[in-house]
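Undergrad: Numbering that gives the first Met the number 0 applies: residue 0 is where the sequence shown begins, and numbers increase by one.
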Amino acid sequence: MEEQGYDYGMIGLGTMGRNLVYNMCDHGFSVAGYDKDLSMVDKLKQGIGNYKIVGARSIKELTDALKKPRVVLLLVPAGSIVDAVIDGLKPSLSREDLVIDCGNSHFTDTDLRIKNLAKDNIHFMGIGISGGEYGARNGPSIMPGGSKATYARVSSMLEAISAKANGEPCVTYLGTGSAGHYVKMVHNGIEYALMELIAEVYQLLKQGAGMTNNELHDVFSKWDLGSLHSFLISITADIFMKKDDLTGNDLVDMILDSAHQKGTGAWTTEDAMAIEVPVPVIDISVSMRNLSALKEERNIAETLLLGPGKKINYGKNELVDLLGDALDFSFITVFAQGMELLQKASTVYKYELNLENIAAIWREGCIIRASLLEDIRSAFSTQPNLSNLMLSDVFKDRLISLQEKIRHVACMGIDTGIPLPALMASLAYYDSYRSGWLPDNLLQAQRDYFGAHTYERIDREGIFHTQWNQKES
Ligand code: 3PG
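1. Return the bridge partner residues of lysine 241 from the DSSP annotation.
2. Glycine 134: beta carbon under 7 Å from a heavy atom of the ligand 3PG?
3. To which residues does DSSP link isoleucine 52 through a beta bridge?
4. Comparing the CB of lysine 261 with every heavy atom of the ligand 3PG, is any distance shorter than 7 Å?
5. Just verifying my parser: in three-state terms, what is the DSSP assignment at isoleucine 457?
6. Is glycine 264 near the ligand 3PG, in the sense that its beta carbon is under 7 Å from a heavy atom of that ligand?
7. Just how far apart, CA to CA, sit aspartate 447 and arginine 456?
8. Compute the minimum distance between the beta carbon of isoleucine 331 and the heavy atoms of the ligand 3PG, and state whether it is under 7 Å.
9. Any idea what DSSP makes of valine 84, helix, strand or coil?
10. Roughly how many whole angstroms lie between the Cα atoms of methionine 338 and alanine 427?
11. Specify the secondary structure class of valine 393 as computed by DSSP and reduced to three states.
12. Confirm the yes/no value for this check: CB of glutamate 190, any heavy atom of the ligand 3PG, distance under 7 Å.
13. Is methionine 411 helix, strand or coil by DSSP?
14. Return helix, strand or coil for leucine 12, following the three-state DSSP convention.
15. Just curious, the beta strand (DSSP E) that phenylalanine 123 is in, first and last residue?
16. Count the other CB atoms within 10 Å of the CB of valine 347; is the residue buried (16 or more) or exposed (fewer)?
17. Let's test the definition: count the other Cβ atoms within 10 Å of the Cβ of aspartate 249 and tell me whether it reaches 16, buried, or not, exposed.
18. Which one of Leu321, Gly102, Gly225 and Glu296 has the shortest CA to CA distance from leucine 73?
19. My guess is that aspartate 483 and glycine 125 are in contact by the Cβ rule of under 8 Å, so how many angstroms apart are they, rounded?
20. For threonine 332, count neighbouring C-beta atoms within 10 Å of its own C-beta (all shown protein chains included) and say buried if the count is 16 or more, exposed if not.
21. To which residues of the same chain is arginine 152 closer than 7 Å at the C-beta, ignoring the five residues directly before and after it?
22. Under 8 Å between the Cβ atoms of alanine 421 and methionine 272?
23. Let's test the definition: count the other Cβ atoms within 10 Å of the Cβ of cysteine 24 and tell me whether it reaches 16, buried, or not, exposed.
24. Note down the Cα distance separating leucine 372 from valine 170, rounded to an integer number of angstroms.
25. With 16 other CB atoms within 10 Å as the buried threshold, where does alanine 178 fall?
26. Please report the residue range of the alpha helix (DSSP H) in which valine 218 lies.
27. Given a cut-off of 8 Å on the beta-carbon distance, is the pair alanine 208 and lysine 51 in contact?
28. Considering Cα atoms alone, identify which of Ser370, Arg459, Thr465 and Lys343 is closest to glutamate 275.
29. Which residue from Met210, Ile281 and Glu269 puts its Cα closest to that of isoleucine 311?
30. May I ask you to verify whether the stretch 295 to 306 touches the stretch 433 to 445, counting CB pairs closer than 8 Å and requiring at least 3?
31. Count the CB pairs spanning the stretch 236 to 251 and the stretch 373 to 390 that are closer than 8 Å, and state whether there are at least three.
32. Exposed or buried, which one is glutamine 206 when buried takes at least 16 other CB atoms within 10 Å?
33. In terms of residue numbering, what span does the alpha helix (DSSP H) encompassing proline 143 cover?
34. Expressed to the nearest angstrom, what Euclidean distance is found between the alpha-carbon atoms of glutamate 1 and isoleucine 360?
35. Flag this pair as yes or no: are the beta carbons of leucine 37 and arginine 56 separated by less than 8 Å?
36. Can the beta-carbon of leucine 227 be found closer than 8 Å to that of leucine 326?
As structure tokens, then:
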């Protein structure tokens, strides 16, 4: 006999939570929803057609409405709110129930929650969801982590609601513990970097070449038809056409040039540092958001610190082609950094990630979706243990043929004083990575000089220390 009750519970009925509920109902699942703001519960029930939805007015009402063992999804802001919700939920849960955190939680919090809830035989999964409001409603990219057996309980629902790339669901089991939230964190780090690169190119086209918003729209629309085809390039094209309701001006020109962030980019950088993986374009992208926020200081510095003041020496068409190639080059290096971070994290945290699968589920639904991901998928499909994407047969020649172009762009930044930190970091990453010799012998000598930190030699095994001279401390 089929058990009575709703298939899934959803706590947190903001735009993302509500849209995910509707998406689940579209695919035939029944859902009970709860939010501590009861007006959101009322909103959930508006316009639900024939959906099998119940709006619960307490956590107890929600858990009572669910089939057992229960599956409760959380879509609430990351941090202490998740713990508060779990604490409120726990008394109404039973053994074998499953709680799924679909927010942007820090992966270390997820590991802790899995461990703590396991003491009461309650299962916990961390799932990254990307795609914004539209994705939640129509098909996001879904990044699940946890135990394989637990994933099996929700895999058919997740596959049904996910975006599809060539008919394949943009969701698959990623790995144990916090693997899903880790992969989502790196997704966001990549997102920060792609956005910063686009912003730098915008500044060159706008300030350097004096392009209007209409022209910028045309440039980004054209790029979106080629190898740069991606969600972020396509929304950038749209943004230049949007008028401001308040003034009638182009909206982009009315927005303060001071970026905000919720922190996932910084988390990517912090963990990359902790596990010693170079992700310089992601690092600089986080720093540039921080620098942009120093608006008052920048206004003062603009009047005090001089730059070179040279003009760009390229025609508009030539410039657009160069910048398109520079973006293509740097997008590849950003994915190379993100993927190398995932490769190392997989070993350090024992996630057993499959990078081909990750590239595959990022092809649609998420913010970093791009045609490039089909190539990345194919690179890892033929070379699964690839240490760095830049070495793959798929990308090596493409980078070699584009490198001259980004060098010209970097020179433009130097000559004009238009800041291009992420584009330059991308080129510097490529040049450093392809250097069989780097000057770190000197750095090792300095460390040994002032701190007796020792060094290794090129001609024999072992650890060495030298008495350099009197200045040694
Ligand atoms: C999100 O996950 O909400 C965004 O993709 C990143 O958010 P942020 O730019 O506010 O950090």
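The beta-carbon is built from N, C-alpha and C at its ideal position, and this holds for glycine as well. On a predicted model such as this, the values are computed, not experimentally measured, just so you know.
TA: Taking the coordinates as given:
1. DSSP, once it has assigned bridges, lists no residue as partnering lysine 241.
2. Distances between the C-beta of glycine 134 and the heavy atoms of the ligand 3PG are all 7 Å or more.
3. Looking at the DSSP assignment, isoleucine 52 forms a beta bridge with Val30.
4. Between the ligand 3PG and lysine 261, a heavy atom-to-CB distance of less than 7 Å is present.
5. Residue state, collapsed to three classes: coil.
6. Glycine 264 Cβ: within cutoff of the ligand 3PG.
7. When rounded, the distance between both Cα atoms is 13 Å.
8. No, the ligand 3PG has no heavy atom inside 7 Å of this Cβ.
9. If DSSP states are grouped into helix, strand and coil, valine 84 belongs with the helices.
10. The straight-line gap from Cα to Cα measures roughly 18 Å.
11. Annotated three-state conformation of valine 393 is coil, per DSSP.
12. Between the ligand 3PG and glutamate 190, a heavy atom-to-CB distance of less than 7 Å is present.
13. Correct three-state label for methionine 411: helix.
14. If DSSP states are grouped into helix, strand and coil, leucine 12 belongs with coil.
15. Run containing phenylalanine 123: 122 to 129, per the beta strand (DSSP E) assignment.
16. Burial check for valine 347: the Cβ neighbour count within 10 Å stays below 16, so the residue is exposed.
17. By the 10 Å Cβ count, aspartate 249 comes out buried.
18. Scanning Leu321, Gly102, Gly225 and Glu296 for the CA closest to the CA of leucine 73 turns up Gly102.
19. Residue 483 lies beyond the residue range present for the chain, which begins at 0 and ends at 472; the question has no answer from this structure.
20. Result: buried.
21. Within the same chain, arginine 152 has close Cβ partners Val70 and Leu97.
22. No.
23. Cysteine 24 is classed as buried because its beta carbon has at least 16 other beta carbons within 10 Å across all chains shown.
24. Roughly 15 Å between the two C-alpha positions.
25. Flag for alanine 178 reads buried.
26. Taken as a continuous stretch (DSSP letters only), the alpha helix (DSSP H) holding valine 218 covers 212 to 223.
27. In this structure, lysine 51 does not lie closer than 8 Å to alanine 208 by Cβ.
28. Closest option to glutamate 275, Cα to Cα, is Lys343.
29. Looking at the Cα atoms, Met210 is the closest of the given residues.
30. Because the criterion of three Cβ pairs below 8 Å is not met, the stretch 295 to 306 and the stretch 433 to 445 do not touch.
31. Touching, no.
32. By the 10 Å Cβ count, glutamine 206 comes out exposed.
33. Proline 143 -> not in any alpha helix (DSSP H); beta strand (DSSP E) instead, spanning 140 to 144.
34. Unreliable positioning characterises glutamate 1 in this predicted model, as indicated by a pLDDT of 49, which lies under 50. The coordinate reading is nonetheless provided below. Taking the Cα positions, glutamate 1 is about 33 Å away from isoleucine 360.
35. In contact: leucine 37 and arginine 56 (Cβ atoms closer than 8 Å).
36. With contacts defined as CB atoms closer than 8 Å, leucine 227 and leucine 326 qualify as a contacting pair.
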